[in-house]
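In the numbering used here, the protein residues as written are 15 to 310.
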């Protein structure tokens, strides 16, 4: 008897609920840590931040002006579902940010007039934005801006990856911040720190819980090892007949993907079979139904 799956309607509802929550969190992140600390974050919103700094034109409005046409183009020529979900995020982010900018948030905004702890703003905001970006990607959307551009470029020219497009835009934003914020190198460094932390944390969010160990074993005891893996690790193995290149002896190769914390138990199992050779590699992500299934 298998586990009951979530209904498609409930799954979509939860996806949009997460996107709305992330949009609110991103608006708070911008209002509390970014807009008052004289540095530009990565992406299109970095350009929007500099425009607000120079002309007092809200990031919320600029985000809508840029993202609405990009979302329409993406929906028509690339991926409608991705474009719609991302546009929902952008609308919520812009709306909440505009509301926050008309509220008295002074008691919450992080800012030091004397310049102390300047590094804290991009560190915190970059980490928070990385979490937001990772969660959006996991729920079929993004935070807009350069992702729309990257998806469109990749669709037209598959040899150009979205990563390269985003990197190029971020280089331009970081370079521009030098001139916008008084010919000062510090905003450039803060932008780089923000971008780095966003990338690191978003990668962790995307792969956290999905990383595993792939164990490949060459052995003369496939049945015994398989029984031990099933009994002790609650996983199974895939068996393949192989032949040694030097001795031309017939052996069996077992392939097993286990959770990260189970590697010590796997080593203990293999230690019972001294003639077994094994190699271990990191699997960045596993795809499929790995939930526990109850037997009849």
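No residue lacks a Cβ here, since even glycine has one placed at the ideal position from N, Cα and C.
Verify whether the separation of the beta carbon atoms of residue i and residue j is less than 7 Å.
i: residue 233; j: residue 253; result: no
i: residue 92; j: residue 38; result: no
i: residue 270; j: residue 249; result: yes
i: residue 104; j: residue 57; result: no
i: residue 153; j: residue 243; result: no
i: residue 227; j: residue 277; result: yes
i: residue 61; j: residue 136; result: no
i: residue 47; j: residue 124; result: yes
i: residue 231; j: residue 300; result: no
i: residue 42; j: residue 140; result: no
i: residue 185; j: residue 229; result: no
What residues match up with residue i in a beta bridge as DSSP calls it?
i: residue 295; result: 228
i: residue 132; result: Residue 132 is not bridged to any residue.
i: residue 269; result: 230 and 252
i: residue 257; result: 264
Just verifying my parser: in three-state terms, what is the DSSP assignment at residue i?
i: residue 264; result: strand
i: residue 15; result: In this prediction, residue 15 has a pLDDT of 38, which is less than 50 and means its spatial position is unreliable; what the coordinates show is noted afterwards. Here residue 15 sits in coil by DSSP.
i: residue 183; result: helix
i: residue 50; result: coil
i: residue 57; result: coil
i: residue 124; result: coil
i: residue 152; result: helix
i: residue 25; result: helix
i: residue 199; result: coil
i: residue 69; result: helix
i: residue 300; result: coil
i: residue 119; result: coil
i: residue 100; result: helix
i: residue 287; result: coil
i: residue 159; result: coil
i: residue 217; result: helix
i: residue 235; result: coil
i: residue 92; result: coil
Given this structure, state the Cα-to-Cα distance separating residue i from residue j, to the nearest angstrom.
i: residue 297; j: residue 181; result: 25 Å
i: residue 115; j: residue 195; result: 21 Å
i: residue 22; j: residue 100; result: 19 Å
i: residue 160; j: residue 183; result: 7 Å
i: residue 214; j: residue 260; result: 43 Å
i: residue 34; j: residue 255; result: 51 Å
i: residue 268; j: residue 217; result: 30 Å
i: residue 208; j: residue 138; result: 8 Å
i: residue 281; j: residue 264; result: 23 Å
i: residue 108; j: residue 150; result: 16 Å
i: residue 192; j: residue 246; result: 58 Å
i: residue 96; j: residue 80; result: 17 Å
i: residue 262; j: residue 273; result: 33 Å
i: residue 65; j: residue 82; result: 18 Å
i: residue 257; j: residue 275; result: 31 Å
i: residue 40; j: residue 74; result: 11 Å
i: residue 28; j: residue 106; result: 16 Å
Exercise. Does the stretch 78-89 touch the stretch 129-148, meaning 3 or more C-beta pairs lie closer than 8 Å?
Worked result: no
Problem set entry | Segment contact, 8 Å Cβ cut-off, at least three pairs: the stretch 157-166 with the stretch 236-244 | no
Exercise. Below 8 Å, can you find three or more Cβ-Cβ pairs linking the stretch 190-207 to the stretch 37-54?
Worked result: yes
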